[in-house]
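Order-wise, the sequence lines are chains R and W. Numbering of the first sequence is given in the working numbering, commencing with residue 1 and proceeding in unit increments. Numbering of the second sequence is given in the working numbering, commencing with residue 101 and proceeding in unit increments. From the three backbone atoms N, C-alpha and C, an ideal C-beta is built for every residue, glycine too. None of these values were measured; they are calculated from a predicted model.
Protein chains: 2
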Amino acid sequence: MAQMDAKQAEKISKALSDPTRLKILSEIKKKNDWLYCVDLYDNINLAQPSICHHLKQLTETSIILPEKEGRNIKYTMNNDVIDEYIGFLQGLKKDCGL
Amino acid sequence: MAQMDAKQAEKISKALSDPTRLKILSEIKKKNDWLYCVDLYDNINLAQPSICHHLKQLTETSIILPEKEGRNIKYTMNNDVIDEYIGFLQGLKKDCGL
DNA sequence: TTTATGCATTGAAATATTTAAATGTTTTGT
DNA sequence: ACAAAACATTTAAATATTTCAATGCATAAA
Chain R
1 MAQMDAKQAE KISKALSDPT RLKILSEIKK KNDWLYCVDL YDNINLAQPS
51 ICHHLKQLTE TSIILPEKEG RNIKYTMNND VIDEYIGFLQ GLKKDCGL
Chain W
101 MAQMDAKQAE KISKALSDPT RLKILSEIKK KNDWLYCVDL YDNINLAQPS
151 ICHHLKQLTE TSIILPEKEG RNIKYTMNND VIDEYIGFLQ GLKKDCGL
């Protein structure tokens, strides 16, 4: 597994540091690991540009992956990035690496 | 292990979303899992109140634990919080919980 | 008891983030 | 081709964060 550096970890952390973005991730989880952008409008009480903005933060860090399907975009979780981020966090822990 | 909710995860993420705060954590790691506040002044090019502010963010989320020793404060990593946060992240992953 | 050291708090400026109205782009349906 | 649907971008306002000078407070040293 590739090693994530502090700069990347900072960006992932920032992407995860907003209630709307965590809500988006939990919606993806709830809908069995993928959803269309439009699915979020029902569950998130924000204007479309705001949701779009949050999706951008999550896709720019590759936490979720966009897949174009005609007019829609299908978003899925990217386990690899989560795992690399977890690896970074493990490395911070006390007594880790003795 | 206690389960972390989204609100807590948001706060942890926010605490981890700053280069200075990640630097503080890596300094703690480098110094064999603990250091005094004063140890940071050499390695971080910010004024004392700024470093104090960042330490506060990290202690308020319990990512690091402060221990008073006379005039000094000794900071150590809190593995429990990191582990709970990692648990939250694992729960977000695709195909997790089938 | 003064003086110095280590850390916290306050207040304010600079910067970044969040939000949405208006508008643009791409694709689908008629 | 035209209209509608799905998502993106621009712009700007509201809010939050970062930073530091000045100051405060508690502990230790002289």
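Can residue 111 of chain W be considered in contact with the ligand COA, in the sense that its beta carbon sits closer than 6 Å to one or more heavy atoms? In terms of ligand content, the structure shown is empty, and the ligand COA therefore cannot be addressed.
Are residue 11 of chain R and residue 61 of chain R closer than 7 Å when you measure CB to CB? Yes, they are a contact pair.
Assuming residue 46 of chain R and residue 20 of chain R make a contact with CB atoms under 8 Å, what is their CB distance in whole Å? Rounded, the Cβ-Cβ distance is 6 Å, consistent with contact.
Quick one: any contact between the segment 78-98 of chain R and the segment 128-148 of chain W, if contact means 3 or more CB pairs under 8 Å? A contact exists between the segment 78-98 of chain R and the segment 128-148 of chain W.
Locate the beta strand (DSSP E) running through residue 72 of chain W, then write down its first and last residues. Coverage of chain W is limited to positions 101 through 198, which leaves residue 72 of chain W absent and any answer about it impossible.
Between the C-alpha atoms of residue 44 of chain R and residue 185 of chain W, what's the straight-line distance to the nearest angstrom? Spanning the two alpha carbons is a distance of roughly 24 Å.
Residues of the segment 31-44 of chain R in Cβ contact with chain W at a cutoff of 7 Å, in chain order, please. Hits within the stretch, in order: 33.
Beta-carbon spacing of residue 113 of chain W, residue 13 of chain R below 7 Å: Cβ distance < 7 Å, so residue 113 of chain W and residue 13 of chain R count as in contact.
Looking at the C-beta of residue 166 of chain W, does it have a partner C-beta in chain R at a distance below 7 Å? Judged by the 7 Å Cβ criterion, residue 166 of chain W is not in contact with chain R.
Straight-line Cα distance separating residue 55 of chain R from residue 74 of chain R: Looking at the backbone, the Cα of residue 74 of chain R and that of residue 55 of chain R are separated by about 11 Å.
On a Cα-Cα basis, can you pick out the residue from R:8, R:37, R:89, R:1 that is closest to residue 72 of chain R? If we check each option's Cα against that of residue 72 of chain R, R:37 comes out closest.
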